[in-house]
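Number of protein chains: 2
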Amino acid sequence: MLFTEKLTARTRAVDSMLCVGLDPDFKRIPEHLKNDEDPVWSFCRAIVDAVAPFVCAFKPQIAYFAAMGAEKTLERVIAYIREKHPDIPVILDAKRGDIGSTARMYAREAFKRYQADAVTVSPYMGYDTIVPYLEYPDKGVIILCRTSNPGGADIEELVCDGETIYERIARLAAGPWNTTGQIGLVVGATQPAEIARVRKIAPSLPLLVPGIGAQGGDVNAAVAAGLDAAGAGMIINSSRAVIFAAPDETFAEAAAAAARATRDAIRAARVRALAGQD
Amino acid sequence: MLFTEKLTARTRAVDSMLCVGLDPDFKRIPEHLKNDEDPVWSFCRAIVDAVAPFVCAFKPQIAYFAAMGAEKTLERVIAYIREKHPDIPVILDAKRGDIGSTARMYAREAFKRYQADAVTVSPYMGYDTIVPYLEYPDKGVIILCRTSNPGGADIEELVCDGETIYERIARLAAGPWNTTGQIGLVVGATQPAEIARVRKIAPSLPLLVPGIGAQGGDVNAAVAAGLDAAGAGMIINSSRAVIFAAPDETFAEAAAAAARATRDAIRAARVRALAGQD
Chain A
1 MLFTEKLTAR
11 TRAVDSMLCV
21 GLDPDFKRIP
31 EHLKNDEDPV
41 WSFCRAIVDA
51 VAPFVCAFKP
61 QIAYFAAMGA
71 EKTLERVIAY
81 IREKHPDIPV
91 ILDAKRGDIG
101 STARMYAREA
111 FKRYQADAVT
121 VSPYMGYDTI
131 VPYLEYPDKG
141 VIILCRTSNP
151 GGADIEELVC
161 DGETIYERIA
171 RLAAGPWNTT
181 GQIGLVVGAT
191 QPAEIARVRK
201 IAPSLPLLVP
211 GIGAQGGDVN
221 AAVAAGLDAA
231 GAGMIINSSR
241 AVIFAAPDET
251 FAEAAAAAAR
261 ATRDAIRAAR
271 VRALAGQD
Chain B
279 MLFTEKLTAR
289 TRAVDSMLCV
299 GLDPDFKRIP
309 EHLKNDEDPV
319 WSFCRAIVDA
329 VAPFVCAFKP
339 QIAYFAAMGA
349 EKTLERVIAY
359 IREKHPDIPV
369 ILDAKRGDIG
379 STARMYAREA
389 FKRYQADAVT
399 VSPYMGYDTI
409 VPYLEYPDKG
419 VIILCRTSNP
429 GGADIEELVC
439 DGETIYERIA
449 RLAAGPWNTT
459 GQIGLVVGAT
469 QPAEIARVRK
479 IAPSLPLLVP
489 GIGAQGGDVN
499 AAVAAGLDAA
509 GAGMIINSSR
519 AVIFAAPDET
529 FAEAAAAAAR
539 ATRDAIRAAR
549 VRALAGQD
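For the record, the sequence lines run as chains A and B.
So for the first sequence, our numbering puts the first residue at 1; every next one is plus one.
So for the second sequence, our numbering puts the first residue at 279; every next one is plus one.
This is how it looks when you write it as structure tokens:
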């Protein structure tokens with residue numbers, strides 16, 4: 001099944017554009033789990049089951065697993081999602097950027113080893129860095145465009161030939177690069193004006209929008225700026241504000257409540273935005 | 279010990295600017311090793327010992343290990359280099375690019391878990407992506423600047439405010455970003471004119487130069503363009519042309535011969551370039 005089809009079907013089925021990011025910072029995992037055989041696994045499994053009803057996607061962040069040498073746990077978490085929640089696409093947040101045979105290895109890592117439905121990639125080295133992922137025609141390739149951090153402006157907002165770097169990335173990603181139709185873009189929620197620019201340039205690409213929650217982005221502004229013509233097309237990510245909603249035995253129910261509330265805020269923002277468009 | 283000090287000391291001690299890249303593509307590992315308990319380990323250890331006399335650095339490419347789920351082997355390879363060849367710096371080629379707590383996890387992965395002396399990073403998301411690595415003041419941070427692939431021009435060669443993106447990266451890396459003095463730049467050997475531009479902008483930064491050997495870059499042109507005022511400052515990488523010099527039982531001695539020949543070609547290019555400068 002194509003990544004975009006799986007994403008659209010799930011978004012519709014549960015009426016949610018919320019993606020929950022799995023960033024299992026060991027220091028913040030509840031103490032009572034730390035005697036388990038694999039605390040990261042216990043934590044992630046509980047979070048996944050608790051928030052699943054409210055999400056259109058999961059986004060595990062590979063850095064948290066890699067820092068601990070917990071790649072086997074990441075394999076296990078994704079396999080668990082695929083088995084227990086097969087309708088929910090998994091976006092591996094890896095921001096890989098390399099070329100040729102090396103990039104093919106990273107594509108294999110994401111799609112064969114981890115069985116992700118999509119992966120995030122960095123475009124600094126150009127189209128060559130995207131091609132190896134496009135060799136998996138059903139998989140999503142979500143390219144960094146305008147990120148949510150202040151330093152994002154250092155490169156992404158530079159103007160060349162009348163357009164910013166991030167606008168150029170959006171144009172290339174929506175046009176010549178999108179040979180599979182499975183490309184998406186990362187656009188930070190802290191930059192609603194930039195989300196609107198990207199949506200204009202790339203009317204039908206899925207936008208992965210980090211930066212609500214812990215990073216403080218405004219849900220209403222982001223959703224109003226980023227909806228596509230069908231009133232969808234956004235994957236709005238929250239990580240720490242959901243998964244670390246409570247530091248104790250109540251962590252899973254607190255995560256579920258936070259996910260539900262965030263989903264509801266996104267739903268309400270969508271209704272408002274669609275009403276405003278009429 | 280500072281990365282730059284370790285690199286300079288090693289470069290002088292063996293009169294070599296050759297770095298050997300460890301890209302253990304499983305398909306290309308000699309057949310007779312494939313019944314070993316850990317063929318990638320057997321291969322890498324033999325290559326490391328064979329080429330060590332001729333190199334200023336090793337550059338393991340993490341993608342090859344990650345695609346196979348062989349992170350433990352990568353840990354073992356780097357630990358082996360640190361134990362048996364402690365004077366040779368290890369550059370982890372990871373091209374990571376992320377921000378905040380996620381980037382701190384990648385820094386931990388490179389410097390704590392793998393014990394690398396330096397890591398390659400991507401600058402697309404700006405200075406925020408570099409800062410977490412600079413929190414390890416003795417470690418090298420080698421930033422993508424002008425890469426050796428044709429698509430590198432898609433972003434890196436765009437002109438903004440009268441300078442290309444790669445020139446801007448070189449200027450920032452040589453200036454405000456270099457708070458530790460341990461920053462280096464990746465500049466592909468296939469672009470000698472760009473190497474010369476970068477050397478002018480960043481007179482004293484170490485340049486990691488991939489693209490000789492399998493990628494076809496000209497050693498003489500690259501060395502002439504990239505030497506610093508002391509006639510050094512380059513880390514010239516060859517991976518596949520050295521480590522897969524022979525496909526059979528002779529692989530280690532063939533790798534040693536290829537490394538020696540490449541070191542000699544770089545030495546000769548340096549002598550020529552320094553003579554030309556007089």
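Ideal placement from N, C-alpha and C gives every residue a C-beta, glycine not left out.
- Note that the C-beta distance between Ala-451 (chain B) and Leu-463 (chain B) is below 7 angstroms.
- By the 16-neighbour rule on beta-carbons within 10 angstroms, Arg-477 (chain B) is buried.
- Looking at the DSSP output, Arg-272 (chain A) shares a beta bridge with no other residue.
- Listed along the chain, the chain B residues whose CB falls inside 9 angstroms of the CB of Asn-178 (chain A) amount to none; the nearest CB is some 15 angstroms away.
- Taking the Cα of Pro-401 (chain B) as reference, the smallest distance to any Cα among B:Ala-341, B:Val-419, B:Arg-550, B:Asp-395 is reached at B:Val-419.
- Judged by their CB atoms, Ile-307 (chain B) and Phe-321 (chain B) are nearer to each other than the 7 angstroms cut-off.
- Spatial neighbours of Val-329 (chain B) in its own chain (CB-CB distance under 7 angstroms, excluding positions within 5 residues in sequence) are listed in chain order as Val-298, Val-520, Ala-533, Ala-534, Ala-537.
- Taking 7 angstroms as the cut-off, the beta carbon of Pro-367 (chain B) is found closer than this to the beta carbon of Ala-335 (chain B).
- Here Ala-500 (chain B) is near Ala-467 (chain B), since their CB atoms are less than 7 angstroms apart.
- Per DSSP, the continuous beta strand (DSSP E) segment holding Ser-516 (chain B) begins and ends at 512-516.
- DSSP places Ala-189 (chain A) in no beta strand (DSSP E); its state is neither H nor E.
- Around the Cβ of Leu-552 (chain B), a 10 Å sphere holds fewer than 16 other Cβ atoms; the residue is exposed.
- It is roughly 20 angstroms from the alpha-carbon of Ala-474 (chain B) to the alpha-carbon of Asn-456 (chain B).
- Within the stretch 61-92 of chain A, the residues whose Cβ lies closer than 7 angstroms to some Cβ of chain B are Gln-61, Ala-63, Tyr-64, Ala-66, Ala-67, Gly-69, Glu-71, listed in chain order.
- Rounded to the nearest angstrom, the gap between the Cα atoms of Lys-417 (chain B) and Met-279 (chain B) is 9 angstroms.
- In this structure the stretch 125-139 of chain A lies against the stretch 100-107 of chain A, because at least three pairs of beta carbons, one per stretch, are closer than 8 angstroms.
- Secondary structure note for Lys-72 (chain A): its alpha helix (DSSP H) is the uninterrupted segment 71-84.
- The beta-carbon of Gly-184 (chain A) is placed no less than 7 angstroms from the nearest beta-carbon of chain B.
- Against chain B, the CB of Glu-5 (chain A) has no partner CB under 7 angstroms away; the residue lies outside that interface.
- Interface criterion not met: the Cβ of Ser-239 (chain A) is under 7 angstroms from no Cβ in chain B.
- Assigned with DSSP and collapsed to three states, Gly-378 (chain B) falls in helix.
- For the C-beta of Ile-235 (chain A), not a single chain B residue is nearer than 9 angstroms; the gap to the nearest is close to 17 angstroms.
- Taking 7 angstroms as the threshold, the shortest C-beta distance from Asp-98 (chain A) to chain B falls below it.
- DSSP lists A:Val-141 as the bridge partner or partners of Ile-183 (chain A).
- Across the stretch 399-422 of chain B, CB contacts with chain A closer than 9 angstroms involve Ser-400, Pro-401, Tyr-402, Met-403, Gly-404, Tyr-405, Asp-406, Thr-407, Ile-408, Val-409, Leu-422, in sequence order along the chain.
- Residue range 39-51 is occupied by the alpha helix (DSSP H) that includes Cys-44 (chain A), with no beta strand (DSSP E) assigned at that position.
- Closest in C-alpha terms to Gly-126 (chain A), from the list B:Leu-422, B:Tyr-384, B:Ser-482, comes B:Leu-422.
- Comparing alpha carbon positions, the residue from B:Thr-425, B:Phe-529, B:Pro-415 closest to Thr-282 (chain B) is B:Pro-415.
- DSSP places Val-298 (chain B) within a strand segment (E or B) once states are collapsed to three.
- For Asn-149 (chain A), the closest Cβ of chain B is nearer than 7 angstroms.
- Under the three-state reduction of DSSP output, Pro-410 (chain B) falls in the helix class.
- Interface flag for Asp-395 (chain B) against chain A is unset, since no Cβ pair is found closer than 7 angstroms.
- About 6 angstroms separates the Cβ atoms of Leu-7 (chain A) and Pro-206 (chain A), confirming a contact at the 8 angstroms cut-off.
- Within 7 angstroms of the CB of Leu-280 (chain B), no CB atom of chain A is found; the nearest one sits about 23 angstroms away.
- By the Cβ-count criterion, Gly-375 (chain B) is buried, with 16 or more other Cβ atoms from all chains shown falling within 10 Å of its own Cβ.
- Per DSSP, the continuous alpha helix (DSSP H) segment holding Leu-450 (chain B) begins and ends at 443-452.
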